[in-house]
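S.K.:
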Amino acid sequence: MVDKPWYHEGLRFECTHCGTCCSGAPGFVWVNDEEIASIAEEIGQEQQAFEAAYVRKIGIRKSLREFPNGDCVFLNAETRTCRVYPVRPRQCHTWPFWESNLKTADEWTRICRSCPGAGRGPRHKLAEIEAARTLMKI
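Residues in the sequence shown are numbered consecutively from 4, following our numbering.
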């Protein structure tokens with residue numbers, strides 16, 4: 004018998020578009036070439052120019068740049084919303100169902116305290132959570 008994860012009955016989440024997950028301590032928003040191309044197209048910029056302006060190399064990987072305060076370069080400072088939300092990277096799209104947030108119920112509770120949409124809204128089924136969790140390891 005396979006043990007079920009602690010969240011096997013599902014978890015509630017509904018994005019409030021508050022920008023909290025797009026700001027804070029410096030970190031990384033990992034992007035691949037397909038995501039870079041989509042975001043570049045969304046903002047009407049050639050891919051090479053886009054990468055020069057908005058992407059940084061971290062070893063062999065690529066991450067979106069951030070402002071010095073840790074905010075994502077695509078977080079609108081006035082409205083606190085994402086300027087590229089329809090084509091946001093998979094790392095952003097899978098929030099908050101990251102492996103690091105799902106390790107324990109205590110970790111999820113911590114996320115619920117910082118993210119106004121976590122623990123609220125529609126209940127996401129285990130299959131959907133697992134699909135997001137396994138799409139990208141964070």
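Built from N, CA and C at the ideal position, the CB exists for glycine as well.
Taking 9 angstroms as the cut-off, decide whether the C-beta atoms of serine 103 and isoleucine 63 are in contact.
M.R.: Contact flag unset, no.
S.K.: Check for me: the beta strand (DSSP E) holding serine 66 runs from which residue to which?
M.R.: 64–67 is the span of the beta strand (DSSP E), which, as asked, contains serine 66.
S.K.: Between leucine 14 and glutamate 54, what straight-line distance do the alpha-carbon atoms span, to the nearest angstrom?
M.R.: Looking at the two C-alpha atoms, the distance is approximately 36 angstroms.
S.K.: For tryptophan 9, which beta-bridge partners are listed by DSSP?
M.R.: Paired residues: none, contrary to the question.
S.K.: Report yes or no: do the segment 23–38 and the segment 87–104 share at least 3 C-beta pairs separated by less than 8 angstroms?
M.R.: Touching, yes, given that three or more Cβ pairs across the two stretches are closer than 8 angstroms.
S.K.: Can you tell which of Val34, Trp9, Glu17 and Cys24 has the C-alpha that lies nearest to the C-alpha of leucine 138?
M.R.: Residue Val34 is the option with its Cα nearest to leucine 138.
S.K.: So what does alanine 121 bridge to, in DSSP terms?
M.R.: DSSP output for alanine 121 lists Phe16 as bridge partner(s).
S.K.: On a CA-only basis, which of His20, Glu44, Phe16 and Asp6 is nearest arginine 126? Give me that one, please.
M.R.: Comparing Cα-Cα distances from arginine 126 to each of His20, Glu44, Phe16 and Asp6, the minimum goes to Phe16.
S.K.: Please list the terminal residues of the continuous beta strand (DSSP E) segment that includes arginine 59.
M.R.: Arginine 59 -> beta strand (DSSP E) spans 58–61.
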